[in-house]
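*Asks:* First the structure, which I've put down as structure tokens, then a few questions once you've had a look.
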Amino acid sequence: MFDQINYSLQFIKPELILVCTLLVSIILDLIFKNKKIVIYFVIAGLVSSFVSLLSNSNVNQHLFFNMYAVDPFSHFFKIFLLTAILGIVVFSMFSNEVSEIKSRKGEFYYFLVALTIGMFLMSSSTNLIMMYLSLELTSLTSYLLAGFMKEEKSSSEASLKYVLYGAFSSGMMIYGISIIYGMTGSFDIFAINIALADGVTSLALLISTVLIFIGFGYKISAVPFHFWTPDVYEGSPISVTTILSVASKAAGFSMLMRFLKIVFIDPYASPSVNDWGVLEIVPIVEILTVLSVLTMTLGNIVAVWQTNLKRLLAYSSIAHAGYLLLGVLTLNNEGYSATLIYLVVYLFMNVGAFLIVMLISNKIKSDDIDSYKGLGMRSPFIGITFSLFLISLTGLPPTAGFIGKLYIFSALINKEMILLAVIGVLNSVVSLYYYVRIFRNMFLRESLPTDKEITLTLGEKILILAFAIPTLILGLYFAPLVEFAHASVSMFAGN
Amino acid sequence: MSLVVSLQHFIFVSAILLSLGVYAILTRRNAIMVLMGIELILNSANINFVAFSRFGGMDVNGHLAAIFVIFLAACEAAVALAIVLNIYKQFNTVNVDEVATMKD
Numbered sequence: 010m011f012d013q014i015n016y017s018l019q020f021i022k023p024e025l026i027l028v029c030t031l032l033v034s035i036i037l038d039l040i041f042k043n044k045k046i047v048i049y050f051v052i053a054g055l056v057s058s059f060v061s062l063l064s065n066s067n068v069n070q071h072l073f074f075n076m077y078a079v080d081p082f083s084h085f086f087k088i089f090l091l092t093a094i095l096g097i098v099v100f101s102m103f104s105n106e107v108s109e110i111k112s113r114k115g116e117f118y119y120f121l122v123a124l125t126i127g128m129f130l131m132s133s134s135t136n137l138i139m140m141y142l143s144l145e146l147t148s149l150t151s152y153l154l155a156g157f158m159k160e161e162k163s164s165s166e167a168s169l170k171y172v173l174y175g176a177f178s179s180g181m182m183i184y185g186i187s188i189i190y191g192m193t194g195s196f197d198i199f200a201i202n203i204a205l206a207d208g209v210t211s212l213a214l215l216i217s218t219v220l221i222f223i224g225f226g227y228k229i230s231a232v233p234f235h236f237w238t239p240d241v242y243e244g245s246p247i248s249v250t251t252i253l254s255v256a257s258k259a260a261g262f263s264m265l266m267r268f269l270k271i272v273f274i275d276p277y278a279s280p281s282v283n284d285w286g287v288l289e290i291v292p293i294v295e296i297l298t299v300l301s302v303l304t305m306t307l308g309n310i311v312a313v314w315q316t317n318l319k320r321l322l323a324y325s326s327i328a329h330a331g332y333l334l335l336g337v338l339t340l341n342n343e344g345y346s347a348t349l350i351y352l353v354v355y356l357f358m359n360v361g362a363f364l365i366v367m368l369i370s371n372k373i374k375s376d377d378i379d380s381y382k383g384l385g386m387r388s389p390f391i392g393i394t395f396s397l398f399l400i401s402l403t404g405l406p407p408t409a410g411f412i413g414k415l416y417i418f419s420a421l422i423n424k425e426m427i428l429l430a431v432i433g434v435l436n437s438v439v440s441l442y443y444y445v446r447i448f449r450n451m452f453l454r455e456s457l458p459t460d461k462e463i464t465l466t467l468g469e470k471i472l473i474l475a476f477a478i479p480t481l482i483l484g485l486y487f488a489p490l491v492e493f494a495h496a497s498v499s500m501f502a503g504n
Numbered sequence: 010m011s012l013v014v015s016l017q018h019f020i021f022v023s024a025i026l027l028s029l030g031v032y033a034i035l036t037r038r039n040a041i042m043v044l045m046g047i048e049l050i051l052n053s054a055n056i057n058f059v060a061f062s063r064f065g066g067m068d069v070n071g072h073l074a075a076i077f078v079i080f081l082a083a084c085e086a087a088v089a090l091a092i093v094l095n096i097y098k099q100f101n102t103v104n105v106d107e108v109a110t111m112k113d
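These protein sequence lines are chains U and E, in that order.
If you use the numbering used here, the first sequence corresponds to residues 10 to 504, in order.
If you use the numbering used here, the second sequence corresponds to residues 10 to 113, in order.
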């Protein structure tokens, strides 16, 4: 037993570094008045975890008695999550909302580390209890982060709504897990898979699957488990909104994808790259199809009426979860790698869009869409980069968003799900309407005479470019990303 | 007439607890009451875990899962109560319907 644990420990160095960073930064935060020390320590910890992660590639191991898998798939997500979190740490340093709270500023950054640990565990768990606990670690930290500005009514309200919806959905999820345990006698998802393939009562299985999906659906904010999303996104500090919409959504997807692939695929059939051989006991593809269509349609249609930009981006992020589910429901290598590509693209364009909303709300104290009138004329730099992010979110060439959508839709067409691809394209057309509305306000409307010019510091400009340039480049030169995504899912089937 | 307690009884109790929990969450407007409903749901899962583990002839994993869920319920209660306390400071109420500053 100790051999196994000792053997396993050498593969989880990135996680161990993060845990040490968390513990030490809590102590540093208690000792020092100057919170900058904590921030730089957190950045150093995240970077060294990143370095040790990169040296850990090409590992494919099941660790800790099959509870934890370090493999190319989780490797991809860990690189993704650390990039996102590092981006967001830098992003938060420019945020007035976070910096104004001087005494608790250190807290914010070590919560981000705790969140990263939770998301790392989510992307690697292969045991239902482990999955549930890591999901809860992520959720509990997010509740606190959402309510970080506790003096503000909106932030407190966001955290209350988040904790109530979150605790409810995770409660339903653990009940579903308990039923699956009763039917199969195991928490190990590989053992559950074999037990399911050997035949179990399908009605109880259907119920427990639906209950478990409530937990996943809440994490990726899929309709009808999305009710928390608009309020939490609007009320939380913008840097937290960004984490929730990018990193924790990606972690939810990594867990969902691993769960689907391992539990609902026939273990006795040898999976080919294009067809994994889905077990017929639960209508899993149909459930995912309904979720995905509902999610993108509702997200896009409700977004049309929004006047607050954070709320608009919240609904747009619901819609994007729908597109991502389209890639997942194909349940083959092509669809899964398309989902990974889309997630990376979504990281750059969505964080970029939120970054600009945050910088503007720092200056003019408003997220209202009307206060963006004439912005493109007043500060062309913001106007042009924001338009780039919006074009990419719509999915038009030559931006990265186009490549993401292209791969998802082509995966659907190769799987002969033409109707779903058509619904996806129609949804993109709807989304064009509300993204263009922002664009129109920025360039075609006159600004009020009282509006001042918005000037950015050099650091802020560099940060915006750090997200804008990848959004543009990934739209033109995307071969490395595609190869990386293919390599990350190739462990599931075929070569 | 002798009554033998079997697996079914436990599953019935847990299903009733689950339903009561969901009912409490849907009907109670007091945030503390909603949290109590969530505790009921977690405990119904615990009953399932322990009962399956005891009667299903399964390993000890079910008991361990129940312990983890109990720990987790404690963490969740700590975080949720802190948030509710803060809500009370800001809004002077813990009625979830009155805590609504953001609207569609």
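Glycine included, every Cβ here is placed at the ideal spot set by N, Cα and C.
No experiment lies behind these values; they were computed from the predicted model shown.
1) So is E:F77 in contact with chain U if we call contact Cβ pairs under 9 Å?
2) Rounded to whole angstroms, what is the Cα-Cα separation between U:K190 and U:D12?
3) May I ask you to list the residues that DSSP assigns as paired with U:I78?
4) Residues of chain E with a CB under 7 Å from the CB of U:K159: which are they?
5) Among residues of its own chain, excluding the 5 on either side of U:P23, which ones have a beta-carbon nearer than 6 Å to its beta-carbon?
6) Using a Cβ cut-off of 7 Å, which residues of the segment 51 to 69 of chain E contact any Cβ in chain U, in chain order?
7) With respect to the alpha helix (DSSP H) encompassing U:I229, which residues constitute its N-terminal and C-terminal limits?
8) Can you give the beta carbon distance from U:L220 to U:M181, rounded, assuming they're within the 8 Å contact cut?
9) Would DSSP call U:D376 helix, strand or coil?
10) Is U:V61 helix, strand or coil by DSSP?
11) What would DSSP say about U:D284, mapped onto helix, strand or coil?
12) Nearest CA to the CA of U:I274: which residue from U:A176, U:E289, U:L352, U:I36?
13) Just checking my contact of U:V172 with U:M192 at CB under 8 Å: how many whole Å lie between their CB atoms?
14) Which residues share a DSSP beta bridge with U:S133?
15) Thinking C-alpha only, which one of U:Y242, U:S396, U:N67 is nearest U:S254?
16) What did DSSP end up calling U:I274 once you bin it into helix, strand or coil?
17) Pull up the DSSP beta-bridge partners for E:N39, would you.
18) What are the residues that DSSP puts in a beta bridge with U:N317?
19) Since U:F20 is in the alpha helix (DSSP H), which residue starts that stretch and which ends it?
20) Taking any Cβ of chain U, which residues in the segment 35 to 51 of chain E have a Cβ under 7 Å from it, in chain order?
21) Report yes if the CB atom of U:Y119 is closer than 9 Å to the CB atom of U:V47, and no otherwise.
22) Taking the alpha carbon of U:S104 as the point to measure from, which residue in U:A53, U:Y184, U:P246 has its own alpha carbon closest?
23) What residue range does the alpha helix (DSSP H) around U:G185 cover?
24) Less than 9 Å separating the beta-carbons of U:I186 and U:F199?
25) Can you name the residues of chain E whose CB is closer than 9 Å to the CB of U:Y190?
26) I'd like to check one pair, E:I96 with U:S165: are the Cβ atoms closer than 9 Å?
27) Is there a Cβ of chain U sitting closer than 9 Å to that of E:L81, yes or no?
28) Mind checking U:M10: buried by the 16 CB within 10 Å criterion, or exposed?
29) From the beta carbon of E:V14, is the nearest beta carbon of chain U less than 9 Å away?
30) Can you check whether the CB of U:G54 is closer than 9 Å to the CB of U:L31?
31) Comparing C-alpha positions only, which one of U:I203, U:S281, U:Y345 sits nearest to U:A496?
32) Starting from U:I138, find everything on chain E with Cβ-Cβ shorter than 7 Å and list it in chain order.
33) Using only alpha-carbon positions, find the residue among U:L481, U:T251, U:Y332 that is nearest to U:Y351.
34) According to DSSP, simplified to helix, strand and coil, what is U:D38?
35) Let's test the definition: count the other Cβ atoms within 10 Å of the Cβ of U:F277 and tell me whether it reaches 16, buried, or not, exposed.
36) In this structure, does DSSP put U:D207 in helix, strand or coil?
*Replies:* Here's the rundown:
1) yes
2) The sequence given here has Tyr at residue 190 of chain U, not Lys. Between U:Y190 and U:D12, the C-alpha separation is close to 28 Å.
3) In the sequence on display, residue 78 of chain U carries Ala and not Ile. Paired residue(s): U:H71.
4) N95
5) Only S58, S61, L62 meet the Cβ criterion.
6) L51, S53, A54, N57, F58, F61, G65, M67
7) No residue range can be given for U:I229, since it is assigned to no alpha helix (DSSP H) and is classified by DSSP as neither H nor E.
8) 5 Å
9) coil
10) In the sequence under discussion, the amino acid at residue 61 of chain U is Ser, which differs from the Val named in the question. In this structure, U:S61 counts as helix in the three-state DSSP scheme.
11) coil
12) U:E289
13) Contact flag wrong, Cβ pair sits at about 31 Å.
14) In the DSSP output, where bridge partners are listed per residue, U:S133 has none listed.
15) U:Y242
16) strand
17) E:N104
18) U:D377
19) Element bounds for U:F20: n/a, residue is neither H nor E.
20) Hits within the stretch, in order: A40, V43, I47, I50, L51.
21) yes
22) U:P246
23) That run of the alpha helix (DSSP H) goes 162 to 193.
24) no
25) N57, F58, F61, S62, G65, M67, N70, G71, A74
26) Yes, they are a contact pair.
27) Residue-level contact by beta carbon holds for E:L81 and chain U, with a gap shorter than 9 Å.
28) exposed
29) no
30) yes
31) U:Y345
32) Residues of chain E with a Cβ closer than 7 Å to the Cβ of U:I138 are, in chain order, A74, F77.
33) U:Y332
34) DSSP places U:D38 in helix when its eight states are reduced to three.
35) Here residue 277 of chain U turns out to be Tyr, not Phe, going by the sequence shown. Flag for U:Y277 reads exposed.
36) Correct three-state label for U:D207: coil.
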